Structures are given as C-alpha cells and as structure tokens.
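Below is one structure, written out as structure tokens; the observations come after it.
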Amino acid sequence: MAVIGVVSDTHGLLREQVFDALSGCEKIIHAGDVGRPEVLQSLETIAPVVAVRGNCDIAPWARELPLTEVVEIEGKFIYILHDINDLNLDPKSSGFDVVISGHSHRPSVLTEQQVLYLNPGSAGPRRFRLPVSVARLYIESDKVWAEIIEL
Numbered sequence: 000m001a002v003i004g005v006v007s008d009t010h011g012l013l014r015e016q017v018f019d020a021l022s023g024c025e026k027i028i029h030a031g032d033v034g035r036p037e038v039l040q041s042l043e044t045i046a047p048v049v050a051v052r053g054n055c056d057i058a059p060w061a062r063e064l065p066l067t068e069v070v071e072i073e074g075k076f077i078y079i080l081h082d083i084n085d086l087n088l089d090p091k092s093s094g095f096d097v098v099i100s101g102h103s104h105r106p107s108v109l110t111e112q113q114v115l116y117l118n119p120g121s122a123g124p125r126r127f128r129l130p131v132s133v134a135r136l137y138i139e140s141d142k143v144w145a146e147i148i149e150l
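Residue numbering for the sequence shown follows numbering that gives the first Met the number 0, beginning at 0 and increasing consecutively.
Okay, here's the thing in structure tokens:
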C-alpha cells in the first residue's frame with residue numbers, strides 16, 4: 000500500500016504539525032498556492048514532492064511549476080490541478096482514479112463515478128472559520144481512499 004501526503008494552499012506558511020501529519024508518506028503532492036520555494040524544500044525532507052502552480056503563485060520561481068500534473072502510483076492515475084473549476088477533462092473516461100485540487104481552502108473527499116476527488120483544504124494561514132488541514136491518500140492495487148487531518 001502506498002501512502003501519499005497531500006497539501007495545498009500553504010501561501011508561504013508551513014506549520015510544524017505538517018511534518019508529524021505526513022511523516023512516513025512516500026510522496027507529497029502540493030496542489031498549489033505554495034507561496035515560497037522554501038515550502039517545497041521543507042516538504043522534500045519528508046518525501047519527494049510533486050507540485051502544481053496555484054493562482055497566487057506568481058513569483059518568478061513559481062513559473063517552473065506546471066499548472067497540472069499527472070502521477071501514476073501502484074497502477075492508479077492521479078490528476079493534479081489547483082482549482083477544480085479549471086478541470087477540462089472527464090477524469091473517468093480519461094483513465095484517472097483520483098483528482099486532487101485545492102484553491103477553496105475547504106477540505107473534502109468525494110467519490111463520483113468511481114473517481115476519488117480530494118481537496119486537502121489549506122495547510123497555510125487560517126481563512127475565515129475553515130479548518131487548517133492536510134490529507135493522506137491511500138492507494139492499493141484495487142482501491143483508493145483518503146482521510147483529512149486537521150492540524
């Protein structure tokens with residue numbers, strides 16, 4: 000079984016609790032609005048990082064981040080983007096098992112048409128009364144599931 004840490008909307012703030020919450024993960028996915036390159040460098044101390052650019056990632060260093068990314072883990076295909084409203088494909092017919100997004104700062108785990116949609120919420124500055132959170136994605140050859148972890 001693969002365990003993947005999922006983070007989004009750090010906006011330059013990486014809380015110490017993230018390290019405990021994602022300890023033992025074999026990969027980290029950041030769904031954008033990173034804020035500073037040091038956030039990704041720090042996450043790399045946990046596990047290799049795959050990141051996409053969010054709408055607030057406008058600094059020159061962030062131009063190197065793609066807007067979308069595709070990752071394959073244990074035969075499952077994951078589509079990563081920042082804002083789910085920018086999803087311009089049908090995940091199921093395109094062969095994706097998981098879609099990871101951020102942007103809304105609202106954590107959610109939803110399955111539709113056998114595709115898991117995961118938004119880890121925001122691990123950065125608190126916004127309104129929304130929780131500060133990350134997620135863990137679990138992948139086995141025959142299933143995928145996720146949990147939200149409030150920090």
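Cβ atoms here follow ideal geometry from the backbone N, Cα and C, with glycine treated the same way. Treat the numbers as computed from the prediction; the structure is a model and nothing was measured.
As the crow flies, the alpha-carbon of residue 126 is around 7 Å from that of residue 104. For residue 18, the secondary structure class from DSSP, reduced to helix, strand or coil, is helix.
Its chain contains 32, 34, 123, 124 as the residues whose beta carbon lies nearer than 6 Å to that of residue 10, once the 5 sequence neighbours on both sides are disregarded; these appear in chain order. Residue 116 has its alpha-carbon roughly 11 Å from the corresponding atom of residue 136.
A distance below 6 Å between beta-carbons, with the five flanking residues on each side excluded, links residue 8 to the following residues of its chain, in chain order: 32, 101, 104, 121, 123. CA-CA distance, residue 55 to residue 30, rounds to 12 Å.
The residue from 37, 148, 142 with its alpha-carbon nearest to that of residue 77 is 142. Linking residue 140 to residue 40 through their CA atoms gives a straight-line distance of about 30 Å.
Classified as exposed, residue 58 has fewer than 16 neighbouring CB atoms from the shown chains inside 10 Å of its CB.
Minimum Cα-Cα distance from residue 14 among the listed residues 131, 44, 97, 145 corresponds to 131. Relative to residue 70, the option among 5, 148, 21, 150 whose CA is nearest is 5.
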